[in-house]
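Input: a single structure, listed below in structure tokens.
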Amino acid sequence: VLREDKDLKSALQSCRTICVVGISPDPYKPSYFVSDALLRRGFKLYFVNPNYEGRTILGEKVYASIRDIPDKIDIVDVFRRPSAVPSLAEEAKEKGFEVFWMQPGTESPETIKKLDNEGYKVVAGRCAKIESARLL
């Protein structure tokens, strides 16, 4: 689990593509304004939300699942209920990723433990917008 500033900074610097799971078209929702900030920081974003599949949010196409994204993903950034996180982690492992990032309020303790035990980089309970602004 990445907790130290140097580890978070290293992860953010080495990663260029972020898959935002649970994107919303509502500009008042965290998934929207965090994504907007990450786009402004130069990250390439891919959006996943089956409810908005095929639509465009913040100029990017929305996919139904992580599996549908055509390119390599560095960070999977989760904006979903903790109960949805274990299956998302399994889907992300099938796709491949560098960092599994659970936004505040999305943390799944069993998923954190499982991914950590399997050697994956995990960030839990930290906001990607705040951490990228603070560390980059």
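One rule links them: number in the working numbering = place in the sequence shown (from 1) + 68. All C-beta atoms, glycine included, are put in the ideal place defined by N, C-alpha and C.
| Asked | Found |
| --- | --- |
| Between Leu175 and Gly193, which are expected to be in contact by the criterion C-beta below 8 Å, what is the C-beta distance as a whole number of angstroms? | The residue asked about is misnamed: residue 175 is Glu in this sequence, not Leu. Sure, about 5 Å apart at Cβ, within 8 Å. |
| Using DSSP with H/G/I as helix, E/B as strand and the rest coil, what is Tyr188? | coil |
| Rounded to whole angstroms, what is the Cα-Cα separation between Ser103 and Glu178? | 26 Å |
| Under the three-state reduction of DSSP, which class applies to Asp94: helix, strand or coil? | coil |
| Suppose you measure from the CA of Lys161 to the CA of Ser155; what does that come to, to the nearest Å? | 10 Å |
| Short of 7 Å in beta carbon distance, which residues of its chain neighbour Cys83, apart from the five on each side in sequence? Order them along the chain. | Asp142, Ile143, Glu166, Val167 |
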